[in-house]
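Engineer: Quick one: the structure is below, questions incoming.
Numbering (the working numbering), first residue to last: 59 to 453.
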């Protein structure tokens, strides 16, 4: 009975080939990596090089890896091919909008920059040079911001981590890369004077209730647009935020309800003023229902058009920009209402944990990082109050 070669063994031979009448000499090593579980036949690989010494070194490294259990079979798959597979087959649990953003970054940045490189040949230095290049302005293209480069890195890292899990590569080369420092943009919440001006400007406005609820609950735009009456308890004054309205990828003017950011729902207790505003919104819907009869649709949304249909983000954006322009704050974004709520909450004395839960942030540390400057101001105000106290008792 013939003995089967053990995995990790190999042989080196001198090879001669003739191409276009010219003779070429090289060295080749063949080695066994294991056996096919289906056929029982040996799985063999080959290594070639210009000298016997070079091939011997490569063979030694390969057989040592086999013995250590760290061997990964060479693959001719390119980074671009793997990214196509990854985005098509490994993002099943990711939200449609997020998948779309991944695909855009893969198409616009990752495949043009790294796509042609063989997956198992990609190294940290190549990736680092790619990241550095993204931060430099080139002819016809602007430099990417550090935050965008971080997003590109995050997607590439996830894709390569899956390749590691699949056994296509031994380690993730992006782990060793250094990313540019992300400088957080200064927040521009509305101050007390601007909030007063904003509230006066929206009195009687078509979307007064929506703008007011967003300002005094900190809900994201998609969350307030996707709010359903079934999630509002007017008696208890509570609002459960477990959905958001998002555009369906690839379908014009088609929207769907999805889980909120971080896929984490939350319940907030609204101020009595906000509950009153919601009562107004309810009454307005009942009036429209009577006015339009069978044309009115009971969709269950809190904020709707005259016929009961949900509102679209672009409609709200256009109306909101006109209001902030009218109060002399044209740069204000809808999301700044959320920042305004957070700052007002902290200055009113809410602790960071409460603010974090109301905003739906993943951790209190993140909330503190975003709004830390507010707590610094509160510390100065506290010092001023203490100074006044000391003067009062130290007369």
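We put the CB at the ideal spot given by N, CA and C, even for glycine.
These numbers were taken from a predicted model, which means no experiment stands behind them.
Can you pull the DSSP bridge partners for residue 299?
Structural biologist: Looking up residue 299 in the chain shown gives position 241. For residue 299, which the question treats as bridged, DSSP gives the partners 324.
Engineer: Report back the beta-carbon spacing between residue 86 and residue 71 to the nearest angstrom; my notes put them in contact at under 8 angstroms.
Structural biologist: Walking along the chain shown from the start, residue 86 turns up at place 28. Walking along the chain shown from the start, residue 71 turns up at place 13. Contact holds; Cβ gap of about 6 angstroms.
Engineer: Given a cut-off of 9 angstroms on the beta-carbon distance, is the pair residue 456 and residue 285 in contact?
Structural biologist: With the chain covering 59 to 453 only, the question about residue 456 has no answer from this structure.
Engineer: Going by beta-carbon coordinates alone, are residue 401 and residue 204 separated by less than 9 angstroms?
Structural biologist: Looking up residue 401 in the chain shown gives position 343. Looking up residue 204 in the chain shown gives position 146. Not closer than 9 angstroms, so no.
Engineer: What does DSSP give as the partner residue(s) for residue 100 in the beta ladder?
Structural biologist: What you label residue 100 is simply residue 42 of the chain shown in a count that begins at 1. Answer by DSSP bridge pairing, in chain order: 93.
Engineer: Starting from the Cα of residue 147, find the closest Cα among 221, 292, 334, 75 and give me that residue.
Structural biologist: Reading the chain shown from its first residue, position 89 is the one you call residue 147. Looking at the Cα atoms, 221 is the closest of the given residues.
Engineer: Does residue 271 come out as helix, strand or coil in the three-state DSSP assignment?
Structural biologist: For the purposes of this step, residue 271 is identified with residue 213 of the chain shown, where counting begins at 1. Residue 271 falls in the helix class under three-state DSSP.
Engineer: For residue 73, report the span of its beta strand (DSSP E) as first-last.
Structural biologist: One-based indexing of the chain shown puts residue 73 at position 15. Per DSSP, residue 73 belongs to the beta strand (DSSP E) from 68-77.
Engineer: Is it buried or exposed, residue 436, if we count other Cβ atoms within 10 angstroms and call 16 or more buried?
Structural biologist: The count along the chain shown starts at 1 and reaches residue 436 at position 378. Exposed, by the Cβ-count rule.
Engineer: How about residue 328 and residue 374: do their beta carbons lie closer than 9 angstroms?
Structural biologist: Numbered from its first residue, the chain shown carries residue 328 at position 270. Numbered from its first residue, the chain shown carries residue 374 at position 316. Going by C-beta atoms, residue 328 is not nearer than 9 angstroms to residue 374.
Engineer: Judging by CA-CA distance, which residue of 258, 317, 390, 394 is the nearest neighbour of residue 152?
Structural biologist: Sequence index remark: in the chain shown, residue 152 carries index 94 (1-based). Checked all of 258, 317, 390, 394; the closest Cα to residue 152 is 317.
Engineer: So, under 8 angstroms CB-CB, residue 173 and residue 138 are touching, yes? Tell me the CB distance rounded to an integer number of Å.
Structural biologist: Here residue 173 corresponds to residue number 115 of the chain shown, with the count starting at 1. Here residue 138 corresponds to residue number 80 of the chain shown, with the count starting at 1. At roughly 3 angstroms, the Cβ-Cβ gap stays under 8 angstroms, so residue 173 and residue 138 are in contact.
Engineer: Go ahead and pull the three-state DSSP assignment for residue 63.
Structural biologist: Stepping through the chain shown from its first residue, residue 63 is reached at position 5. Its pLDDT being 46, under 50, residue 63 is placed unreliably in this model, and the coordinates cannot settle the point.
Engineer: Could you check the C-alpha separation between residue 155 and residue 319 for me, to the nearest Å?
Structural biologist: Along the chain shown, read from residue 1 onward, the residue named residue 155 stands at position 97. Along the chain shown, read from residue 1 onward, the residue named residue 319 stands at position 261. Approximately 11 angstroms between the Cα atoms of the pair.
Engineer: With 16 other CB atoms within 10 Å as the buried threshold, where does residue 231 fall?
Structural biologist: The sequence position of residue 231 within the chain shown is 173, counting from 1. The residue is buried, with at least 16 neighbouring Cβ atoms inside 10 Å.
Engineer: Should the stretch 334-344 be called in touch with the stretch 298-308, which here means at least 3 C-beta pairs below 8 angstroms?
Structural biologist: No contact exists between the stretch 334-344 and the stretch 298-308.
Engineer: When we look at the beta-carbon of residue 308 and count the other beta-carbons within 10 Å, is it buried (16 or more) or exposed?
Structural biologist: Position 250 of the chain shown, counted from the start, is the residue given in the question as residue 308. Looking at its Cβ environment, which holds fewer than 16 other Cβ atoms inside 10 Å, residue 308 is exposed.
Engineer: Determine the contact status of residue 226 and residue 178, defining contact as a CB-CB distance below 9 angstroms.
Structural biologist: Taking the first residue of the chain shown as 1, we reach residue 226 at position 168. Taking the first residue of the chain shown as 1, we reach residue 178 at position 120. Contact: yes.
Engineer: Which stretch, first to last residue, makes up the alpha helix (DSSP H) that contains residue 186?
Structural biologist: In the chain shown, residue 186 corresponds to position 128, counting from 1. 182-192 is the span of the alpha helix (DSSP H), which, as asked, contains residue 186.
Engineer: For the stretch 111-120 against the stretch 271-290, do three or more pairs of beta-carbon atoms, one drawn from each stretch, fall closer than 8 angstroms, so that the two count as touching?
Structural biologist: No: the two stretches stay apart, fewer than three of their Cβ pairs being nearer than 8 angstroms.
Engineer: Under DSSP, the beta strand (DSSP E) around residue 316 begins and ends at which residues?
Structural biologist: The count along the chain shown starts at 1 and reaches residue 316 at position 258. Its beta strand (DSSP E) spans residues 313-316.
Engineer: I need the boundaries of the alpha helix (DSSP H) containing residue 211, first residue and last residue.
Structural biologist: Numbered from its first residue, the chain shown carries residue 211 at position 153. Looking at the DSSP string, the run of the alpha helix (DSSP H) that includes residue 211 is 204-224.
Engineer: Alpha carbon to alpha carbon, what distance is there between residue 257 and residue 384?
Structural biologist: Numbered from 1 along the chain shown, position 326 holds the residue referred to as residue 384. Numbered from 1 along the chain shown, position 199 holds the residue referred to as residue 257. Cα to Cα, the separation comes out at about 12 angstroms.
Engineer: Grouping DSSP H, G and I as helix and E and B as strand, with all else coil, what is residue 285?
Structural biologist: On the chain shown, position 227 is the one that residue 285 refers to. In the structure shown, residue 285 sits in coil (DSSP, three-state: anything other than H, G, I, E or B).
Engineer: What three-state label does DSSP hand residue 290 in the structure shown?
Structural biologist: In the chain shown, counting from the first residue as 1, residue 290 sits at position 232. It is a strand residue.
Engineer: Starting from the C-beta of residue 388, find all residues in its chain whose C-beta is less than 7 angstroms away, skip the five residues before and the five after it, and write them out in chain order.
Structural biologist: Here the question's residue 388 lines up with position 330 in the chain shown. 382, listed in sequence order.
Engineer: Grab me the residues of residue 59's own chain with a C-beta within less than 8 angstroms of its C-beta, minus the 5 sequence neighbours each way, in chain order.
Structural biologist: As a first step, residue 59 must be located in the chain shown, where it is residue number 1. Model confidence at residue 59 stands at a pLDDT of 40, short of 50, so the residue's coordinates are unreliable and nothing is read from them.
Engineer: Check each candidate in 365, 343, 361 and name the one with the smallest Cα separation from residue 352.
Structural biologist: In the chain shown, counting from the first residue as 1, residue 352 sits at position 294. Checking every option, the nearest Cα to that of residue 352 belongs to 365.
Engineer: Using C-beta distances below 8 angstroms, list every residue in its chain close to residue 241, excluding the 5 sequence neighbours before and after it, in chain order.
Structural biologist: By 1-based counting over the chain shown, the position of residue 241 is 183. Cβ neighbours of residue 241 beyond the five flanking positions: 204.
Engineer: Give me the Cα-Cα distance between residue 310 and residue 208, rounded to the nearest whole angstrom.
Structural biologist: Working through the chain shown from its first residue, we reach residue 310 at position 252. Working through the chain shown from its first residue, we reach residue 208 at position 150. If I take the Cα positions, the gap works out to 30 angstroms.
Engineer: Could you tell me how far apart the beta carbons of residue 164 and residue 141 are, in whole angstroms, since I believe they sit closer than 8 angstroms?
Structural biologist: Within the chain shown, the letter at position 106 stands for residue 164. Within the chain shown, the letter at position 83 stands for residue 141. Contact flag correct, Cβ pair sits at about 5 angstroms.
Engineer: Do residue 283 and residue 369 have their C-beta atoms within less than 9 angstroms of each other?
Structural biologist: Position 225 of the chain shown, counted from the start, is the residue given in the question as residue 283. Position 311 of the chain shown, counted from the start, is the residue given in the question as residue 369. Against a cut-off of 9 angstroms, the Cβ pair of residue 369 and residue 283 comes out as a contact.
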